[in-house]
Amino acid sequence: MYDIKMLKAKKLAELIEIADQIGIKDLKGQKKQDIINKIIGNVSEEKSNDVIPEPKFVKNNFKENRANIGGNKNHQNRNFNKDNRNRYKEPDFEFDGIIESEGVLEIMQDGYGF
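Offset between the sequence shown (1-based) and the working numbering: plus 246.
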């Protein structure tokens, strides 16, 4: 019901409202992470108290499933690679801050240039 990432993105006031809706009390003066842990702990306890019905027996057709899975992957990959080849790649460098100059470069015998 509640995900850790979703709860971390919320503000402290929103977390306190969620905790009040669930029925958690005594949250004054606690840190955000402590409130998140209590919310998740309370939700997990409620889920464990629920009775999970036993699944009914379902006939599996493994051969049909394998054929369907293999065909779909190849088709998707071909379209994906085709899109990548046609896209223009922008260069990683910029020439906005480079100063252009003209002149003569004199190179000495020792390899120094002036």
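Glycine is no exception: its CB is placed at the ideal position from the N, C-alpha and C atoms.
Ile250 is positioned such that its CB atom lies closer than 8 Å to that of Ile282. Collapsing the DSSP output to three states places Ile344 in coil. Between Ala265 and Ile286, the gap from beta carbon to beta carbon reaches 8 Å or more. Beta-bridge partners of Gly359 (DSSP): Ile353. Across the structure, Gly357 and Glu348 are spaced so that their CA atoms are roughly 21 Å apart.
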